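Every letter in the sequence shown is one number past the one before it in the numbering used here, and letter 106, counting from 1, is 92. Idealized CB from N, CA, C, for every residue including glycine. Please read these numbers as outputs of a predicted model, since none were measured by experiment. To keep things clear, I will list the structure first and then write my remarks on it.
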Amino acid sequence: MEKRTIGVGLISVGWMGKVHSKAFQLLPSVYPELGVKTRLVMAADTAADRAEYAVEVLGYEQFTLDYHEVLQHPDVDVVSICAPNFLHAEMGIAAAKAGKAFWLEKPAGRGAHETEAIAQAAAEAGVLSTIGFNYRNPPVVEHAKQLIERGALGRITNVRGTFFADYSSEPMGALSWRFKREFAGSGVLGDLMGHLVDLMQYLLGPIAEVNGMTKTIYSERPILQMGSGTHFDVIEGGEMGPVENEDYAGMLVRFAGNAVAADAIGTLEACRASVGPRASYNFEIYGTEGSIKWDFERLNELQVAIGRRGEHLGYQRVMAGPGFGDFSHYYPGAGTTMGYDELKVIECRKFVEAFLGGEHRNSNIQDAVAAARVVSAAEESAASRQWVAIAPTSGTTAAIRA
Ligand SMILES: NC(=O)c1ccc[n+]([C@@H]2O[C@H](COP(=O)([O-])OP(=O)(O)OC[C@H]3O[C@@H](n4cnc5c(N)ncnc54)[C@H](O)[C@@H]3O)[C@@H](O)[C@H]2O)c1
-13 MEKRTIGVGL ISVGWMGKVH SKAFQLLPSV YPELGVKTRL VMAADTAADR
37 AEYAVEVLGY EQFTLDYHEV LQHPDVDVVS ICAPNFLHAE MGIAAAKAGK
87 AFWLEKPAGR GAHETEAIAQ AAAEAGVLST IGFNYRNPPV VEHAKQLIER
137 GALGRITNVR GTFFADYSSE PMGALSWRFK REFAGSGVLG DLMGHLVDLM
187 QYLLGPIAEV NGMTKTIYSE RPILQMGSGT HFDVIEGGEM GPVENEDYAG
237 MLVRFAGNAV AADAIGTLEA CRASVGPRAS YNFEIYGTEG SIKWDFERLN
287 ELQVAIGRRG EHLGYQRVMA GPGFGDFSHY YPGAGTTMGY DELKVIECRK
337 FVEAFLGGEH RNSNIQDAVA AARVVSAAEE SAASRQWVAI APTSGTTAAI
387 RA
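Quick look at the structure:
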């Protein structure tokens, strides 16, 4: 079979830039049925050493310090945007105007207004978008989605989601762009709560209203230059600067819901400064006939309890294996453990499949709008101490609504 070559452009060569690049490199061997080869054409970063690294180590043919050159390159078919949040709107809109399909990291902009502006530009240009909502992709999460949709849990009544991480639990952890409103927008709301909200809307349908609270646990951190190191760095004795956004956010939610989750209610919490949970991205979903729970720290396991009579009541541990989501593309037998990077290869597969005219199973910019509206409403609610209603959107989360 003649293979189609997909020309890849990359904007920003930080952690996510590397992860996206590896995903494009693995795509032809992990998903030969797509019939594609990937060609890493050009990468951009304003930090020259990172731009050079893209050529020398990641395998791009060219680098540039100006991302516009990536968008103008005729051999670039699809572009990954992995810049800090404050550049997402500018870059997403520029990609759309250049007619390039884009894979944009979350949060897509610094709040609902910026996300909506990207969505409008993508719609006007008719370009495909995919958002970095990778927690949709673990094979056991896909299995959970099927259990929910086929009614195995009965009517979904309530949920509890906690996305707790320790990446900012160190008081001398670096003041990266993530802690500044100008560069990140909100704090853990955009960073982790956006993931959790998207995952809940993916599984249960749209959230209709929220009541939120936020807290900043560490008000100052040591200053870090953009493009040098990450928020995981610990700096002793450096000059301190103010943290401008929240470390913790919690909210009560009411779902409009999909066919099996109408009027479900629950609590969603996110924290970046917890001591103990390392990256404990967890949900518990309760229905009239059963319950499930999942934690990213045990990525390949789903706890499932179905039925209220019989000998073996309570949660059973179900492990991912062939037959669950994309598992068999990675490992021939159950028990081998998948990891974070592989979730991004699955995301890349969904993006490229849609780009080639196949089924749209990818998250899209409308899903990002749906998540951003909930996150912005939580911020508004935290300030006003009132419930805030959320305007409905289209997107894959709304598409499964009854
Ligand atoms: N989906 C996920 O699970 C996940 C995980 C981590 C980060 N992210 C998101 O990915 C994005 C990037 O995060 P990261 O951890 O890779 O950040 P990072 O700090 O490691 O890298 C950001 C890079 O952007 C570059 N940059 C800054 N200005 C630029 C410009 N004008 N043009 C080109 N490059 C520029 C910096 O020099 C740096 O190399 C963020 O939006 C973040 O929220 C998503």
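Report yes if the C-beta distance between R359 and I332 is below 8 Å; otherwise report no. no
Which parts of the segment 29 to 110 are runs of the beta strand (DSSP E), unbroken and 3 residues or longer, counting only runs that do not cross its ends? 48 to 50, 64 to 67, 87 to 90
Ordered list of alpha helix (DSSP H) runs contained in the segment 127 to 184, each at least 4 residues: 167 to 170
Kindly identify the DSSP beta-bridge partner or partners of I209. L161
Hey, would you say V246 sits closer than 8 Å to G321, going by beta carbons? no
Under a Cβ-count criterion, where at least 16 other Cβ atoms within 10 Å of its own Cβ denotes burial, should W1 be classed as buried or exposed? exposed
Cα-Cα separation, N231 to D327: So the alpha carbons of these two residues sit roughly 28 Å apart.
If we count Cβ pairs, one from each stretch, closer than 8 Å, do we get three or more for the segment 215 to 222 versus the segment 175 to 188? no
Please report the residue range of the beta strand (DSSP E) in which G276 lies. 276 to 281
Between C68 and ligand 1, is there a pair consisting of the residue's CB and a ligand heavy atom that are separated by less than 7 Å? yes
For a quick check, are the C-beta atoms of F282 and E128 less than 8 Å apart? no
Are A98 and G78 close, meaning C-beta to C-beta below 8 Å? no
Would you call P228 buried or exposed, if buried means 16 or more other Cβ atoms sit within 10 Å of its Cβ? That one is exposed.
Ordered along the chain, which non-local residues of its own chain (more than five positions away) have a Cβ less than 6 Å from that of E275? L139, G140
Along the chain, where does the beta strand (DSSP E) containing Q302 start, and where does it finish? 302 to 305
Using 7 Å as the cut-off, classify the Cβ of Y17 as near or not near the heavy atoms of ligand 1, replying yes or no. Checking every heavy atom of ligand 1 against the Cβ of Y17, none is found closer than 7 Å.
If you check the beta carbons only, do D233 and R264 fall under 8 Å apart? It is not a contact, given that the beta carbons lie outside the stated cut-off.
Are the segment 103 to 117 and the segment 345 to 354 touching, with three or more C-beta to C-beta distances below 8 Å? Touching, per the Cβ criterion.
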